[in-house]
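Chemist: Below you will find the structure I want to go over with you.
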Amino acid sequence: MAKVQGEVIIDLEKCKGCELCIIACPEETLAIANIINKKGYRYAIKAQDNCTGCANCALVCPDAVITVYRKVEKAPKQAV
Amino acid sequence: MSELNEIMNPIKENICLPEFLVYERPDTLTEQEFHYCPGCGHSTVHKLLMEVVSEMGIVGDTIGVAPVGCSVFAYHYLGVDMQQAAHGRACAVATGIKRVMPEKIVFTYQGDGDLAAIGTAETVHAANRGENLLVIFINNGIYGMTSGQMAPTSLEGMVTTTSPYGRDVLTQGYPLKISELLAHLPGVYYVTRQAVNTAGNVRKTKKALQRGLEYQKKNLGFCLVEVVSNCPSNLKMTPLESNEFVANQMIPFYPLGDIKVPEVK
Amino acid sequence: MLQEAIFSGFGGQGVLTMGMLLGYAGVIEDKEVTWMPSYGPEMRGGTANCIAIVSDSLISSPIISTFDSAVTLNQPSIEKFEYKVKVGGNIFYDSSNTINPPTREDINIYACPVSEEAIKLRNSKVLNMIMLGAFIEVTKVVKMETLLKALEQVLPERYHKLIPLNKQAIEIGMGLVRK
Amino acid sequence: MGDVKFMKGNEALSEAMIRAGCDAYFGYPITPQSEVLEYLAREATKRTGMVVLQAESEVSAINMIYGAAGCGKRVMTTSSSPGISLMQEGLSYIASAELPCLVANINRGGPGLGTIQPAQGDYFQSVKGGGHGDYHLVVLAPCSVQEMVDYVKLGFELADKYRTPVMILADGAIGQMMEKVELFPQMERVVTDYPWATTGRPAGKDRRYITSLHIQPEKMEEINHTLQAKYKVMQETEVRYQALHLDDAEYLMTGFGLAARICIKAMELGRAKGYKIGMIRPQTLFPFPTKIYAEVAPRIKGILDVEMNAGQMIEDVRLSVEGKTRVEFFGRMGGMIPSPDEILENFEKYFIKGS
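Okay, structure coming up:
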């Protein structure tokens, strides 16, 4: 099976902490931080390292602060 | 990159490479941060529209018209040439632009007060003339900029600052389904109603915007993309609750999907 | 030369056209001209009138209170304008159907039976052209040939066949006042 | 020399619009200026490719003008009093956003729906701003069919020069009457590449936007200063008026547009009776020819201001003379036109018999 690795980068200073991305993420990768950014919002952060790069978070992010990467590695064929 | 970003965003150098990029902020959005409230659908639609404009490669050919309402500052965010119109007059302004620059792609971006209340005449007549415009209509059922008054699209029984006991249709009129109304006009080519409350709906909205702009490129007539949206601040809800309101209250009354689709030839 | 005239009558008698033709002809003769209709509800029924001024020099007001000439094609017009004609001026009226003709002694009164003459021509519409003939014969504001040129300008091509009839009408009018 | 024709004011205005290389006209029919849209619909598009569109309302028309003017096009609309009232919002936006355009008001009698007869009751709403906020239109007041033509050309020039809306304030009579007119030759429709015009974001450059919204009061004040500075330049350089017999005048008659022309006749009648009457006719109502009134005032016995309204321009005349001479008023309203005799009678009443 192919191995999918994703990564999100959130511009935390621009995040308004609306939490839409957290709900949109099927992997529960994201969570809300306990601290605030310069705007005074508790921003979204990556809580787990299980992102698949599906980009749902970025799609629903109203402020376009999420960048998403997705790397698909074909698994090397193994002898059965 | 700010300090916070540096600390909190350790970049995986093996993944964060240009070839693995699946989503980034479209370069057609300006650097300006959105003034919209957290979770507001306006910014989502701004973003989608600019993604489409960027992907279609029409940045230099697109002229937009901003309304009066929460999105009055749309011209600060959308990185295309823009004009700010008087309240309700976006479709007239857009007509003026399109008529003298028919080779350009012209869109208006309007809320429910601007498009469906004060600007009804301009909207109906631009539609009826079959002006080659894309009209993007954000319907959140409430007045945002003036903080929470009843909109023509407010639902029956909906509590707003000017319908404090809930919208009474007998005295305050019925919620206006402007898309269905316009769909009847022969000059109107494409009418669809979408939403941005879920990732799936966001994808469909983007597709709708793309279709609207493509139809315009072919001068096929008036295209309207209604987007059922939220207004967390004025509904006095969290963004998540407001999206639930959209799903449970708004969408049942304003069903999503294409209302007028061009016949496939 | 300055001729300040009013043309007046029922709507439909072609009084506005009379003034307008004079204007076109004036321009052809390189004179200064102005034509001012009384328009609006007055145009429908009742009296219609227009002021036409032809001059060798720049015209000041297009609105005037007294006239060098008044062309009156019905009784109400005579009543309205007889006393607005300047001393020594002219009044033209349709003597075929006027009960109370103008009576002033300090102006020239031209009784022109234009309705009768028009009937003789089997075209009641040329009544105004007959009167216009009388008007230019007396006032010498423009030449008859110019008036016919003006007609050519104003009339759409398909009506140019009517120009000889109009010419005839103008000549009859001129004859009415020459006697 | 251009073509000489015998034309109706409204048609001459329309013909001038075509010949001035106008790119677009948006308008709505209203008496007494409906001939404009009719004439353009018949002539304009087939001759120059000009856009002619009948809007659903004057509100819409003026906003179409805003949109097209924002693309750097030469645009014009026309209407009559009630329609111009509807356009005031748009004009305020256009003035604030500094877009060039030309508007003609074929003034009729008001207030309200009023009459369809000629009047000059829109002086205030034309020269004092009209819509909300501190702004002015350049206001040109033609008194003849010839000036209807000349001011279309001049109006476009001033609009472009100052990036401002310009208004031709005529009246129903000038619109409806026919006169000899010399037309200027057909001008090319020019595409001007204005740096501010929204014609599609130029590659490698920032996007342009046109707006009248500046939420920061400091910024909005700055915009106001810019506008006011522009109006000051206009007051210094763009004043136009016609003066007659100022050298020997003991009295003055004044008025604009049609009223002024009738005054000239009254002045002639008065001079024939031995009254030394002079005449000032402002051709620009904004900027107003204040200086000439101020200059003449100390050496004359009085001014009779004649208007087809209840006395509107008279306020500017009085401000100009600063009490240095008597200023009396005679006017007719609601679509009535003063006659030369009436004007002279009033002149005599105020300055001959009464003095």
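Residue numbers (this note's numbering), protein chains in the order written: chain A, 2 to 81; chain B, 370 to 634; chain C, 3 to 181; chain D, 138 to 492. C-beta atoms are modelled at their ideal positions from N, C-alpha and C, and glycine is treated no differently.
Considering only their Cβ atoms, is the gap separating B:GLN518 from D:ILE347 smaller than 8 Å?
Modeler: no
Chemist: To the nearest angstrom, how far is the alpha carbon of C:PRO115 from that of C:TYR95?
Modeler: 8 Å
Chemist: Within 10 angstroms of its Cβ, does D:THR462 collect 16 or more other Cβ (buried), or is it exposed?
Modeler: buried
Chemist: Tell me D:PHE143's beta-bridge partners as DSSP assigns them.
Modeler: D:LYS317
Chemist: Using a Cβ-Cβ cutoff of 7 Å, what residues of the stretch 439-457 of chain B are near chain D? List them in chain order.
Modeler: Taking 7 Å as the Cβ-Cβ cut-off, the stretch 439-457 of chain B approaches chain D at VAL441, TYR444, GLY448, VAL449, ASP450, MET451, GLN452, GLN453, ALA454 and ALA455, given in chain order.
Chemist: Between which two residues does the beta strand (DSSP E) containing B:ILE474 stretch?
Modeler: Looking at the DSSP string, the run of the beta strand (DSSP E) that includes B:ILE474 is 474-480.
Chemist: Please confirm if B:LYS573 has its CB atom under 8 Å from at least one CB of chain A.
Modeler: Not an interface residue.
Chemist: Hey, would you say C:VAL56 sits closer than 8 Å to C:VAL143, going by beta carbons?
Modeler: yes
Chemist: Name the residue from B:GLN585, B:PHE442, B:PRO624 and B:VAL594 whose alpha carbon lies nearest to the alpha carbon of B:LEU398.
Modeler: B:PHE442
Chemist: Residues of chain B with CB closer than 8 Å to the CB of A:VAL69, please, in chain order.
Modeler: LEU390, VAL391, TYR392 and GLU393
Chemist: Give the interface partners of C:GLU34 over in chain D, defined as CB-CB distance under 9 Å, in chain order.
Modeler: GLU316 and LYS317
Chemist: Does the Cβ of D:TYR176 have 16 or more other Cβ atoms within 10 Å, making it buried, or fewer, making it exposed?
Modeler: Counting the other CB atoms within 10 Å of its CB gives D:TYR176 a total of 16 or more, which places it among the buried residues.
Chemist: Hey, could you find the ends of the beta strand (DSSP E) C:LEU129 is sitting in?
Modeler: From DSSP, C:LEU129 is part of no beta strand (DSSP E) but of the alpha helix (DSSP H) over 129-141.
Chemist: What first and last residue would you give for the beta strand (DSSP E) that runs through A:ALA32?
Modeler: 31-37 is the span of the beta strand (DSSP E), which, as asked, contains A:ALA32.
Chemist: Name the residues in the stretch 376-403 of chain D whose C-beta lies less than 7 Å from a C-beta of chain C; which are they?
Modeler: Against chain C - using a Cβ distance shorter than 7 Å - the residues of the stretch 376-403 of chain D are ARG398, ILE399, ILE401 and LYS402.
Chemist: Decide if B:LEU582 is buried, meaning its Cβ has at least 16 other Cβ atoms within 10 Å, or exposed.
Modeler: buried
Chemist: Going along chain D, which residues have a C-beta under 8 Å from C:PRO39?
Modeler: GLN313 and MET314
Chemist: Would you check if the distance between the CB atom of B:VAL437 and the CB atom of B:ASP483 is smaller than 8 Å?
Modeler: yes
Chemist: I believe D:PRO322 touches D:GLY158 by the beta-carbon criterion, under 8 Å. Please report the beta-carbon distance rounded to the nearest angstrom.
Modeler: About 11 Å; that fails the 8 Å criterion.
Chemist: By how many angstroms is the C-alpha of B:PHE403 removed from the C-alpha of B:LEU524?
Modeler: Between B:LEU524 and B:PHE403, the alpha-carbon positions lie close to 27 Å from each other.
Chemist: Output the boundary residues of the beta strand (DSSP E) element that contains D:ARG463.
Modeler: 463-468
Chemist: Between the C-alpha atoms of B:SER598 and B:GLY408, what's the straight-line distance to the nearest angstrom?
Modeler: C-alpha separation (whole angstroms): 10 Å.
Chemist: Note down, in chain order, each residue of its chain lying with its Cβ closer than 8 Å to the Cβ of B:LEU502, except the 5 sequence neighbours on either side.
Modeler: CYS460, ALA463, THR464, LYS467, VAL475, PHE476, THR477, ALA495, GLN585, PHE591 and CYS592
Chemist: Between D:GLN305 and D:ALA241, is the Cβ-Cβ spacing less than 8 Å?
Modeler: Per the sequence shown, the amino acid found at residue 305 of chain D is Ile instead of Gln. It is a contact, given that the beta carbons lie within the stated cut-off.
Chemist: Determine whether the Cβ of B:VAL565 lies closer than 8 Å to any Cβ atom of chain D.
Modeler: no
Chemist: Taking only three categories from DSSP, how would you classify C:PHE83?
Modeler: helix
Chemist: How many Å lie between D:GLY227 and D:SER349 at the Cα?
Modeler: 11 Å
Chemist: Would you identify the three-state DSSP class for A:TYR42, choosing helix, strand or coil?
Modeler: A:TYR42 carries a coil assignment under DSSP once its states are collapsed to helix, strand and coil.
Chemist: To the nearest angstrom, how far is the alpha carbon of D:TYR288 from that of D:ASN361?
Modeler: 27 Å
Chemist: I'd like to know whether the C-beta atoms of D:SER229 and D:GLY164 end up nearer to each other than 8 Å.
Modeler: Cβ atoms of D:SER229 and D:GLY164: not closer than 8 Å.
Chemist: Please name the residue or residues paired with B:PRO407 in a DSSP beta bridge.
Modeler: In the DSSP output, where bridge partners are listed per residue, B:PRO407 has none listed.
Chemist: Considering Cα atoms alone, identify which of D:TYR203, D:ILE414 and D:THR168 is closest to D:SER216.
Modeler: D:THR168
Chemist: For D:ARG300, does the three-state DSSP call read helix, strand or coil?
Modeler: coil
Chemist: For B:LEU447, count neighbouring Cβ atoms within 10 angstroms of its own Cβ and tell me buried if that reaches 16, exposed if not.
Modeler: Counting other Cβ atoms within 10 Å of its Cβ, B:LEU447 reaches 16 or more and is therefore classed as buried.
Chemist: Between B:ILE505 and chain A, is the shortest Cβ-Cβ distance under 8 Å, so that the two count as touching?
Modeler: Between B:ILE505 and chain A, the shortest Cβ-Cβ separation is not below 8 Å.
Chemist: Quick check: what's the CA-CA separation for D:VAL141 versus B:VAL493?
Modeler: 44 Å
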